[in-house]
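Residue numbers (full-length UniProt numbering), protein chains in the order written: chain A, 1 to 559; chain B, 1 to 559.
Protein chains: 2
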Amino acid sequence: MGFLPDPRSSRTSTGVASLFLFCCLPIFLVQSSTAGVIDLKWTVEYMHWSPDCIESVVIGINGNFPGPTITATAGDLINIELTNHLHTEGVVIHWHGITQKGTPWADGTASISQCAINAGETFVYSFTVEKAGTFFYHGHYGMQRSAECTQTRQEVDLSGVPIRFIGEPQAILINGRGQYACSAAAHFDGKAVCSPKCKPEPLKVEPGKTYRIRLASTTALSSLNFMIQDHKLDVVEADGNYVERFSVDDLDIYSGESYSVLLRTKEDAKGNYWISIGVRGRDSDTPPALTILNYLPTEWEKHPNSAPPVHPKWNNYTHSKSFSNKIKALNAPKLEGYNYKPPPEKQNRRILLLNTQNTIKERIKWTINDISLTLPSTPYLGAIKYSLDKAFDQQSLPDRYSNPDYDIMVPPLNTAAISSSAVYNLPSDVTIDVVLQNANMLKDDHCEIHPWHLHGHDFWVLGYGEGKFIDAEHEGKFNLVDPPLRNTVVVYPYGWTALRFRTDNPGVWAFHCHIEPHLHMGMGVIFAEGIEEIKKMSINKKALVCGLTGEKFMDSYKE
Amino acid sequence: MGFLPDPRSSRTSTGVASLFLFCCLPIFLVQSSTAGVIDLKWTVEYMHWSPDCIESVVIGINGNFPGPTITATAGDLINIELTNHLHTEGVVIHWHGITQKGTPWADGTASISQCAINAGETFVYSFTVEKAGTFFYHGHYGMQRSAECTQTRQEVDLSGVPIRFIGEPQAILINGRGQYACSAAAHFDGKAVCSPKCKPEPLKVEPGKTYRIRLASTTALSSLNFMIQDHKLDVVEADGNYVERFSVDDLDIYSGESYSVLLRTKEDAKGNYWISIGVRGRDSDTPPALTILNYLPTEWEKHPNSAPPVHPKWNNYTHSKSFSNKIKALNAPKLEGYNYKPPPEKQNRRILLLNTQNTIKERIKWTINDISLTLPSTPYLGAIKYSLDKAFDQQSLPDRYSNPDYDIMVPPLNTAAISSSAVYNLPSDVTIDVVLQNANMLKDDHCEIHPWHLHGHDFWVLGYGEGKFIDAEHEGKFNLVDPPLRNTVVVYPYGWTALRFRTDNPGVWAFHCHIEPHLHMGMGVIFAEGIEEIKKMSINKKALVCGLTGEKFMDSYKE
Numbered sequence: 001m002g003f004l005p006d007p008r009s010s011r012t013s014t015g016v017a018s019l020f021l022f023c024c025l026p027i028f029l030v031q032s033s034t035a036g037v038i039d040l041k042w043t044v045e046y047m048h049w050s051p052d053c054i055e056s057v058v059i060g061i062n063g064n065f066p067g068p069t070i071t072a073t074a075g076d077l078i079n080i081e082l083t084n085h086l087h088t089e090g091v092v093i094h095w096h097g098i099t100q101k102g103t104p105w106a107d108g109t110a111s112i113s114q115c116a117i118n119a120g121e122t123f124v125y126s127f128t129v130e131k132a133g134t135f136f137y138h139g140h141y142g143m144q145r146s147a148e149c150t151q152t153r154q155e156v157d158l159s160g161v162p163i164r165f166i167g168e169p170q171a172i173l174i175n176g177r178g179q180y181a182c183s184a185a186a187h188f189d190g191k192a193v194c195s196p197k198c199k200p201e202p203l204k205v206e207p208g209k210t211y212r213i214r215l216a217s218t219t220a221l222s223s224l225n226f227m228i229q230d231h232k233l234d235v236v237e238a239d240g241n242y243v244e245r246f247s248v249d250d251l252d253i254y255s256g257e258s259y260s261v262l263l264r265t266k267e268d269a270k271g272n273y274w275i276s277i278g279v280r281g282r283d284s285d286t287p288p289a290l291t292i293l294n295y296l297p298t299e300w301e302k303h304p305n306s307a308p309p310v311h312p313k314w315n316n317y318t319h320s321k322s323f324s325n326k327i328k329a330l331n332a333p334k335l336e337g338y339n340y341k342p343p344p345e346k347q348n349r350r351i352l353l354l355n356t357q358n359t360i361k362e363r364i365k366w367t368i369n370d371i372s373l374t375l376p377s378t379p380y381l382g383a384i385k386y387s388l389d390k391a392f393d394q395q396s397l398p399d400r401y402s403n404p405d406y407d408i409m410v411p412p413l414n415t416a417a418i419s420s421s422a423v424y425n426l427p428s429d430v431t432i433d434v435v436l437q438n439a440n441m442l443k444d445d446h447c448e449i450h451p452w453h454l455h456g457h458d459f460w461v462l463g464y465g466e467g468k469f470i471d472a473e474h475e476g477k478f479n480l481v482d483p484p485l486r487n488t489v490v491v492y493p494y495g496w497t498a499l500r501f502r503t504d505n506p507g508v509w510a511f512h513c514h515i516e517p518h519l520h521m522g523m524g525v526i527f528a529e530g531i532e533e534i535k536k537m538s539i540n541k542k543a544l545v546c547g548l549t550g551e552k553f554m555d556s557y558k559e
Numbered sequence: 001m002g003f004l005p006d007p008r009s010s011r012t013s014t015g016v017a018s019l020f021l022f023c024c025l026p027i028f029l030v031q032s033s034t035a036g037v038i039d040l041k042w043t044v045e046y047m048h049w050s051p052d053c054i055e056s057v058v059i060g061i062n063g064n065f066p067g068p069t070i071t072a073t074a075g076d077l078i079n080i081e082l083t084n085h086l087h088t089e090g091v092v093i094h095w096h097g098i099t100q101k102g103t104p105w106a107d108g109t110a111s112i113s114q115c116a117i118n119a120g121e122t123f124v125y126s127f128t129v130e131k132a133g134t135f136f137y138h139g140h141y142g143m144q145r146s147a148e149c150t151q152t153r154q155e156v157d158l159s160g161v162p163i164r165f166i167g168e169p170q171a172i173l174i175n176g177r178g179q180y181a182c183s184a185a186a187h188f189d190g191k192a193v194c195s196p197k198c199k200p201e202p203l204k205v206e207p208g209k210t211y212r213i214r215l216a217s218t219t220a221l222s223s224l225n226f227m228i229q230d231h232k233l234d235v236v237e238a239d240g241n242y243v244e245r246f247s248v249d250d251l252d253i254y255s256g257e258s259y260s261v262l263l264r265t266k267e268d269a270k271g272n273y274w275i276s277i278g279v280r281g282r283d284s285d286t287p288p289a290l291t292i293l294n295y296l297p298t299e300w301e302k303h304p305n306s307a308p309p310v311h312p313k314w315n316n317y318t319h320s321k322s323f324s325n326k327i328k329a330l331n332a333p334k335l336e337g338y339n340y341k342p343p344p345e346k347q348n349r350r351i352l353l354l355n356t357q358n359t360i361k362e363r364i365k366w367t368i369n370d371i372s373l374t375l376p377s378t379p380y381l382g383a384i385k386y387s388l389d390k391a392f393d394q395q396s397l398p399d400r401y402s403n404p405d406y407d408i409m410v411p412p413l414n415t416a417a418i419s420s421s422a423v424y425n426l427p428s429d430v431t432i433d434v435v436l437q438n439a440n441m442l443k444d445d446h447c448e449i450h451p452w453h454l455h456g457h458d459f460w461v462l463g464y465g466e467g468k469f470i471d472a473e474h475e476g477k478f479n480l481v482d483p484p485l486r487n488t489v490v491v492y493p494y495g496w497t498a499l500r501f502r503t504d505n506p507g508v509w510a511f512h513c514h515i516e517p518h519l520h521m522g523m524g525v526i527f528a529e530g531i532e533e534i535k536k537m538s539i540n541k542k543a544l545v546c547g548l549t550g551e552k553f554m555d556s557y558k559e
């Protein structure tokens, strides 16, 4: 059974502005030997909706918010014919966690893997799913993942002089439903004053059974903590990869991550229990999202006997780190179809990425080794395929931050930061280490959590550490035995996170903080992997009818 | 001297939503024998602005709202290199009143003359201006002319089930400045509590002189009336065409129209006078926009001695019709460079367009002869150039409404209305009459003013009438001697308006109500003029890199 608490932050603290996440239910993939073809037709459009009981204009799919769930079998080919019915905006959808081997043009990242699909036009995403797991999809153009018409305001606010913070969310959504203007209790009491579109979806269970709960966080800003009152959760999957089972009372989940947990229901339950999702890592007054673990045959509207559970304090990083460190790859070599391999023992290249905030042309930007990512109008994939060097900046990017004595505990000095669309070129068939180095922000004593997501790959999480990463000191302590495979990993305040992957998937892949405002402000890098292979690959030209690739096609047409 | 009261409706009655018109100052063209080239670089972007004293996010050009004024000489070639810095939206700019002879791809109409310019991309508009006059430019994609992020909400509201009216504007802007949250008096008193961005711009004059005032209305919804307290206005130009001079106390101006008026200042003025712009044709509580006719050396902040002038009552159509009927072409055959010709005496084809409201698929639409215009994703101009019949509906459209006994005084019966992207095919070198027939809306006893704008042409306004147009009864009364040339003309409630033009400009031209919500709801038709000539014309391919034309270019590229 699948139940998806899909925690999304909603509604900024400004009151009039709403912050909804475009997208949606995940893709459930199960292991099977018979691969098939799944053909879907989707229409993307703005519509009136009331996800948190206040009506807004949100982007939906086929008239619904969140969009449809895809249930598929490992090996299936999925074809999604997507028609853009927005009025003046382009759109793309990213299939988060799908590696897109052989189909890098289907990754759904505007300016990177494809041109945005123009309003009124149709584009067919076509890709094979490699393995069972829990994945999800979302917009990946501008800040459309936070789509409501307020995304434009947020984009302008964040790019403004001076910058304006977009505000904490006013509600968190579970499966697209949350409460802002209307309390959960109002729903539970059967009062009809709330929109049915924000009515909580209870998780109905029977006593003495085991349930698999699939979780994914698509938040724009918030990090989350998931709890079920008076129940243990056994973590078994992370980002579509099995992990060695472990039991927790609560689970941190960062934007871009997914988990499966097993829930063993009580034999002797009397009544219902709270399911609660609270904010982590930010001192936010966003109330936890609530719904009900409903023990049948009890009515779901019956309130639990006690108050909702209390989440760990927002800045209890010890608790969070303890959770992160429990996640290990499943050691089950004999499990059919399971093929976990530990990482290569040596890397061929290590890229150390220091994130700081810097002021560039009067605007506050996030920078990585002093470079803030700006995306070009021609997709990188097409620019590289056709060797269009003018499509993006051609400088080479540094594998290290320039000052080895940089003090991560103090605000940056803002020396030579620039904006650039340049990329990291990664050759094929090598082992890459990336070490994320967190540091103090512009404000004294401020450093945030950043969940970084890699497109096109899972990676092994080799370890986390405090303070500055020192190669000689820390690489010897990497976990090379059973590091978990993930596509998203967190870097903690004033700390570092090390990961490793093999360049076995030619394409152009974004690696970025999954917090939407941070990416908008430049917190990401682009890996151009296997350039020679890309030039020889068959790329769907329909993904490239814009910018300089569009002009190249145009120029080839002779009347 | 040029002074441009640029009246734009702003801020809907919903309080949080703002309705700003994207675009801007007009193009002033003066007669001259030496033609030149004017090269401009413009960047379009969202920005924080406070046009009516409340801060909003508006679309500006080169960091300003309204955008820059272009001053050119008849015969000049204008090249505008337009870069779209919106985040996820396409953009186009229409050069309202410029006929684009030989450059139909530069008309700036998304889906009609070109593909929307993608976010991040640059497009060069290049066209020659034919004659002196007062013109203006504005967005022509979705409802971007009303751009703020609320345009999306307005688009969804108007397309919703049930429909939601967007509300009357809360303020009217003069040269991009109006007062909603801050009274004009607060500015005049020199109080610093209002944003400088909404500070009224006074018209500074000296006694005993004659000034030319250029007026253009770019409103989304409102019809306007312009007055200067205790001063006469001599009308001399309409839509870039000279008219026989006549004198009025106030002047109606509908969205899409422009005028020049001559103002003779008093010899003995003591102090300042009010300039006021009020709403016509709608029972709106929008207050008039005010600024000051400032007689130097009086300080402009000095209030006039009496209250602002009172505009004619909103529904005093007798007054409005009297004004319309005064407009005649200038009879000055010996004026150098002036070449007014009266219309051909006979038409080759008359198209009678009945506008009604109808419900199509549960949505309220405006229909023309029972057809509601929907725009295709491939621009018509490219589809016709390359004979791509699948790009738009190929049915032929009726030159008459189907029921000759249709009663225009009662709500429509909503029989067989449909949505369609079909066009009227007009051969070259013929004389076309169009008669606009107004009729009752869905609600009893309701019929609105509609200012219709034709792209690619000026037309002769042959006459206005009450009730139903009957060919045999009315065509004999057409003014064929000195009908004014216009590009926009109003049709009054329960009446008709007749116009005539020669098909001397191959291209695809929209003809539509200039009220932005009405066009969004389908109130327009498309004239495909000179199809055979279009197929042979040189069309800027860069205007066509989208939809089926984009695919055609793509398919021509062989690796």
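Glycine residues also receive a C-beta, built at the ideal position from the N, C-alpha and C atoms.
> How about isoleucine 360 of chain A and alanine 417 of chain A: are their beta carbons less than 7 Å apart?
Replying inline: yes
> Can you list the residues of chain B that lysine 266 of chain A reaches, using a CB-CB cut of under 8 Å?
Replying inline: Chain B residues near lysine 266 of chain A: none, gap ~46 Å exceeds 8 Å.
> Looking at the structure shown, is methionine 227 of chain A part of a helix, part of a strand, or coil, going by DSSP?
Replying inline: strand
>> Any C-beta of chain B within less than 9 Å: which residues of the region 530 to 546 of chain A qualify?
In response: Ser538, Lys541, Lys542, Leu544, Val545 and Cys546
> Quick check: the region 116 to 125 of chain B against the region 385 to 404 of chain B, are there 3 or more CB pairs under 8 Å?
Replying inline: no
> Since lysine 326 of chain B is in the alpha helix (DSSP H), which residue starts that stretch and which ends it?
Replying inline: 317 to 326
> Taking 7 Å as the CB-CB cut-off, is tyrosine 295 of chain B touching chain A?
Replying inline: no
> Under a three-way DSSP split, which group does glutamine 395 of chain A fall into?
Replying inline: coil
> So, does the CB of asparagine 79 of chain B fall closer than 7 Å to a CB anywhere in chain A?
Replying inline: no
>> I'd like to know if glutamate 155 of chain B contacts chain A, where contact means its C-beta is closer than 7 Å to some C-beta of that chain.
In response: yes
>> Our contact map puts proline 200 of chain B next to leucine 290 of chain B with C-beta atoms below 8 Å; I'd like the distance itself, whole angstroms only.
In response: 7 Å
>> Counting only C-beta atoms, is methionine 521 of chain B closer than 7 Å to chain A at any point?
In response: no
> What in chain A is Cβ-close to lysine 552 of chain B, meaning under 8 Å?
Replying inline: Tyr557
> Exposed or buried, which one is arginine 145 of chain B when buried takes at least 16 other CB atoms within 10 Å?
Replying inline: buried
> What do you get for alanine 332 of chain A, buried or exposed, if any count of 16 or more other CB atoms within 10 angstroms of its CB means buried?
Replying inline: exposed
>> Rounding to the nearest angstrom, what Cα-Cα distance links glycine 256 of chain A and aspartate 157 of chain A in this structure?
In response: 24 Å
> Does the beta carbon of serine 377 of chain A sit closer than 7 Å to a beta carbon anywhere in chain B?
Replying inline: yes
> What is the rounded straight-line gap between the Cα of histidine 514 of chain B and the Cα of glutamate 345 of chain B?
Replying inline: 28 Å
> Which whole-angstrom value describes the C-beta separation of asparagine 225 of chain B and leucine 251 of chain B, a residue pair presumed to lie in contact below a C-beta threshold of 8 Å?
Replying inline: 7 Å
> With a CB to CB cut of under 7 Å and the five nearest residues on each side skipped, what residues in its chain are close to tyrosine 273 of chain A?
Replying inline: Ile228, Gln229, Asp230, His231, Leu293 and Pro304
>> Suppose contacts are defined by Cβ-Cβ distances below 7 Å. Is histidine 85 of chain B in contact with glutamate 45 of chain B by that definition?
In response: yes
> Excluding sequence positions up to five away, which residues of its chain have a Cβ less than 7 Å from the Cβ of asparagine 540 of chain A?
Replying inline: Trp105
>> When you compare the region 395 to 413 of chain B with the region 516 to 524 of chain B, are there three or more beta-carbon pairs, one atom per stretch, that lie closer than 8 Å?
In response: no
>> Taking DSSP's pairing of strands, which residues face glutamate 237 of chain A in a bridge?
In response: A:Tyr242 and A:Ser260
> Got a sec, what are the start and stop residues for the alpha helix (DSSP H) leucine 519 of chain B sits in?
Replying inline: 516 to 520
> Hey, how far is the Cα of valine 57 of chain B from the Cα of serine 419 of chain A?
Replying inline: 24 Å
>> Against chain A, does glutamine 144 of chain B count as a neighbour if the rule is that its beta carbon must be under 7 Å from one of theirs?
In response: yes
> chain E beta carbons: is any one of them nearer than 7 Å to that of valine 57 of chain A?
Replying inline: Looking for chain E here will not work: the only protein chains present are A and B.
>> Let's see if you can read the secondary structure: which residues bound the beta strand (DSSP E) around alanine 528 of chain A?
In response: 524 to 529
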